[in-house]
Structures are given as structure tokens and as C-alpha cells.
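Have a look at the structure below before the remarks.
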Amino acid sequence: MFKTSVKRNFIAKHSLKGDFGKESKPHKHNYSVEWICVVEKLDDNDFGVDIALMEKILQGVSKKISNVFLNDMDFFKDKQTSIENMAIFFFNNLKNSLISQNYQFNRIKQMEIKIFENKNTYSSYIIDL
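Going by this note's numbering, the first residue of the sequence shown is number 1, and it counts up by one from there.
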């Protein structure tokens, strides 16, 4: 198995729904997102997954969520703006972007999205494909 990973930083504002003290008031974080793809074997170019393609796609998806108030996004209307739900948002968008780029998505056996709220705190969404 081979893992290929790219990482990107972004800033977003949000407020948690419910009684979470200061986290219930609008505030911003300097987040990082890490996208990890696992494949069983290398492709014809001896790559796990093309890093340049992953970086391009991650940049595009990050722009959708950067410098916005997450609570105003349709995806979060009925969800908590947690890092767990942000990981699902990234997974859905990254998967759809790979498919729309005509990438051989069936080569990927597992994807993991890590959302870091700071350098010591993250949540991860892992899905076997």
C-alpha cells in the first residue's frame, strides 16, 4: 500500500450551536487540512496519486471554505460547524473533484481527511472505498 498526502492552511469563522461558552460566539481559526489517499500499487508513472493534481484540487476546495462564516454555508445549515463535519465537507468535495477530473478514482482504496484546529488538535474522517 502507498499513501500520498497534501496539506493546506485556511482561515474560517464559525460559532458552535449550543452552550459551548466562548465557542458559541463567532470566532475564527487558522485551520489546516490534510488529504491522504491510499492505493495498492503505483500507476503507470510510478505515482501513488499525482501530487500536483491533489494540490490543485485541494486548493480549489479550500477556497470554498476559506474566509467565510461556516454557519452561513448550505452544507452546515443543519449541522454543527465542527472539525468532524468540515472533514466530511472536504471528503465530499475532494472526491467529486477527482471524479470530475476523470481521475481513475477506483484506484484509491482509502481516503482520510484530517482537519487541524491547531497544531495539537485535529479530527480525522477515514473511509474505505
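Virtual Cβ for every residue (Gly too), placed ideally from N, Cα, C.
Predicted model, so just to flag it, every value in this text is computed and none were measured.
Would you list the residues sitting across from residue i in a DSSP beta bridge?
i	result
T121	N118
M111	C37, I127
T4	C37
N9	S32
What separation, rounded to the nearest whole angstrom, lies between the Cα atoms of residue i and residue j?
i	j	result
I57	K64	11 angstroms
D43	V49	8 angstroms
L94	V61	7 angstroms
N102	F20	43 angstroms
N9	F116	9 angstroms
S124	A87	7 angstroms
Measure the Cβ-Cβ separation of residue i and residue j and say whether it is below 8 angstroms.
i	j	result
K114	E34	yes
F69	H14	yes
S32	K7	yes
With a CB to CB cut of under 8 angstroms and the five nearest residues on each side skipped, what residues in its chain are close to residue i?
i	result
L16	E23, S24, Q80, T81, S82
S97	I57, G60, V61
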